[in-house]
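J.: If you scroll down you'll find the structure; I have some questions about it.
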Amino acid sequence: MTGDFLPERRRASVFSQLVTILLLLVAAGVAAWLLL
């Protein structure tokens, strides 16, 4: 694709990575809360 290296695409990629990490942290926190 022609727009892969646009700053907007890079920002969206970083944002999606942050959202994924945040979801993993929330899932880990819920799992720990349920297990403890």
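Just so we're aligned: 692 in our numbering is position 13 of the sequence shown, and the numbers increase by one with no gaps anywhere.
Even glycine gets a Cβ: it sits at the ideal position worked out from N, Cα and C.
Where do the N-terminal and C-terminal ends of the alpha helix (DSSP H) with residue 704 fall, by residue?
T.: Here the alpha helix (DSSP H) through residue 704 covers 686-714.
J.: Could you give the distance in angstroms between the alpha-carbon of residue 692 and the alpha-carbon of residue 702?
T.: Approximately 15 angstroms, taken between the alpha carbons.
J.: Alpha carbon to alpha carbon, what distance is there between residue 712 and residue 705?
T.: Taking the straight line joining both Cα atoms gives about 10 angstroms.
J.: Taking just the CA atoms, how far does residue 699 sit from residue 709?
T.: For residue 709 and residue 699, the distance between alpha carbons rounds to 15 angstroms.
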